[in-house]
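Following: one structure in structure tokens, then a few remarks.
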């Protein structure tokens with residue numbers, strides 16, 4: 034097993050690289066360390082460029098931790114006529130599943146129940162769409178062994194996959210497959226660490242105060258020290274905050290809300306569900322089991338007007354809408370008391386003057402401001418790698434940087450390994466699903482402290498070793514980083530409260546070493 038030293042992010046490395054930054058000129062300064070910003074850092078560093086990437090908060094602090102945890106194949110975009118976006122999504126899904134992150138992305142079955150609210154005509158149209166989605170998979174050259182094809186299910190098969198469905202009037206179901214992430218924030222962490230292994234400086238808690246084409250004024254949020262960073266090119270990948278850093282970028286953020294329920298509330302759901310939204314032929318509620326005793330239910334697409342908050346908050350109306358749609362298909366409706374958590378993310382959609390945020394294209398855009406700053410906006414989690422490629426292509430061309438071609442479609446992320454190799458690892462299954470080839474290294478931490486293989490709190494699947502690893506190798510600086518991003522304990526307030534003392538103690542103890 035290789036040492037993680039080159040890719041390790043921690044407080045010591047941050048301090049060392051931050052101290053040297055004012056005295057250097059980097060080829061590319063990246064602002065924002067969500068999926069796209071981390072992807073830009075990796076792409077540029079892999080081309081041989083010197084890179085510094087900063088974020089005012091933490092890895093995956095913004096939109097990149099609030100997704101449905103899915104790697105979509107683009108079926109929705111095909112239905113709306115955005116064939117190029119759909120194909121791009123299918124290609125990028127295949128890249129992640131087959132080459133760059135097979136340890137983090139797996140095939141997940143989804144069942145669309147044919148309830149009395151779904152007409153036979155709508156069912157036929159939907160199944161035709163699923164077959165078109167399978168054609169996208171084939172066009173993207175993703176093997177069927179990774180993503181099986183769609184098929185019809187009997188009522189008995191549908192209830193076996195989703196026991197909480199209302200059996201009365203159920204005609205069967207439609208089965209399809211898509212990619213599921215072990216965790217969106219874990220993907221960002223893996224991309225950032227892979228960038229670090231290629232020499233990129235990954236610096237959290239560093240806020241950009243002002244951007245120019247040749248650098249930025251920044252502030253170390255841990256000390257309050259302000260200083261300048263010089264760069265040959267600057268990429269603004271700040272997501273929904275991008276418009277506040279440069280002129281000429283107008284966004285219309287859209288809020289996507291999800292609910293969190295315990296798995297037992299849905300009686301042991303073994304597949305995801307697509308539940309049609311009443312009155313719509315193209316909108317579906319997603320019900321996604323996580324394999325950790327939780328199920329996510331989403332999502333909304335509502336305009337998010339006004340100031341951009343650091344952490345968006347779901348509205349009571351959105352929670353009610355999600356429960357109502359879900360209840361239309363269940364034998365026993367999920368009550369508000371069953372909702373143990375909720376989260377919302379803001380999509381950084383480029384304003385194209387359309388009436389509804391649901392209608393705004395999910396195409397990404399690379400924009401160059403008059404002062405030379407390059408901004409990458411739009412898009413979605415699945416296509417982060419292609420977005421990063423297009424942004425780096427732009428700065429290389431405009432700034433005449435000496436760089437090689439994009440290599441990221443072939444670079445395995447930290448922890449990646451073939452499925453056969455992952456299955457042969459001697460480590461707990463949970464660690465393999467979330468850390469891939471590095472799982473045995475986490476398990477080996479028990480050699481220095483056996484308690485690290487114990488849960489962080491009774492009833493939670495997260496092991497203490499995961500918190501220790503996050504501090505030593507994943508750049509976690511405090512308990513919030515540990516609970517809210519390196520693990521997802523924080524999505525349920527009661528779980529967060531139970532785990533907080535352990536997280537605070539481990540963060541403080543390891544920080545002193």
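In our numbering, the protein residues as written are 34 to 546.
Note that the Cβ used here is the ideal one computed from N, Cα and C, for glycine as well.
Per DSSP, residue 422 lies in no beta strand (DSSP E); the unbroken alpha helix (DSSP H) holding it starts and ends at 417-432.
DSSP links residue 198 through a beta bridge to 363. Taking 8 Å as the cut-off, the Cβ atoms of residue 508 and residue 92 count as close.
In the displayed model, residue 143 falls within a strand according to three-state DSSP. At the C-beta level, residue 69 and residue 412 come within 8 Å of one another. The residues 146, 147, 148, 188, 191, 192, in chain order, have a CB closer than 8 Å to that of residue 203 in the same chain once the five nearest residues on each side in sequence are set aside. In the structure shown, residue 150 falls within a coil segment according to DSSP collapsed to helix, strand and coil. Put simply, the region 227-241 does not touch the region 116-126. Fewer than three CB pairs are less than 8 Å apart.
Nearest in C-alpha terms to residue 287, of all of 336, 295, 178, 277, is 336. At a Cβ-Cβ threshold of 8 Å, residue 239 and residue 63 do not count as neighbours.
The secondary-structure analysis by DSSP pairs residue 306 across a beta bridge with 144, 320. Shortest Cα-Cα distance from residue 106 to any of 165, 195, 81 involves 165.
Taking the Cα of residue 117 as reference, the smallest distance to any Cα among 397, 152, 251, 440 is reached at 397. Within the region 446-480, the alpha helix (DSSP H) runs of at least 4 residues that lie entirely inside it are, in chain order, 452-456, 462-468, 472-477.
Runs of the beta strand (DSSP E) lying entirely within the region 235-288, each at least 3 residues long, are 239-245, 248-253, 259-269 in chain order. Residue 327 sits in a strand when the DSSP states are folded into three classes.
Around the beta carbon of residue 416, a 10 Å sphere encloses 16 or more other beta carbons of the protein chains shown; the residue is thus reported as buried.
Judged by their CB atoms, residue 167 and residue 422 are not nearer to each other than the 8 Å cut-off.
Rounded to whole angstroms, the gap between the alpha carbons of residue 379 and residue 196 is 32 Å.
Taken through DSSP and simplified to helix, strand or coil, residue 155 comes out as helix.
The C-beta distance from residue 458 to residue 465 rounds to 5 Å, short enough to fall under 8 Å. Around the beta-carbon of residue 311, fewer than 16 other beta-carbon atoms lie within 10 Å, marking it exposed. The C-alpha of residue 215 lies about 15 Å from the C-alpha of residue 450. When the beta-carbon positions are compared, residue 436 and residue 80 come within less than 8 Å of each other. Contact between the region 361-374 and the region 272-288 is absent: fewer than three C-beta pairs spanning the two stretches fall below 8 Å.
With distances taken between CA atoms, residue 304 lies nearest to 212 out of 212, 119, 153.
In terms of CA proximity to residue 334, 290 leads the group 300, 290, 254. Rounded to the nearest whole angstrom, the C-alpha separation of residue 170 and residue 274 is 33 Å. Only buried fits residue 209, as 16 or more other CB atoms lie within 10 angstroms of its CB.
The continuous alpha helix (DSSP H) containing residue 118 extends over residues 116-128. Per DSSP, the continuous alpha helix (DSSP H) segment holding residue 506 begins and ends at 497-506.
Separation of residue 227 and residue 318 (C-alpha to C-alpha, rounded to the nearest whole angstrom) is 34 Å. Here DSSP, grouped into helix, strand and coil, assigns residue 181 to coil. In the DSSP assignment, residue 294 is bridged to 328, 372.
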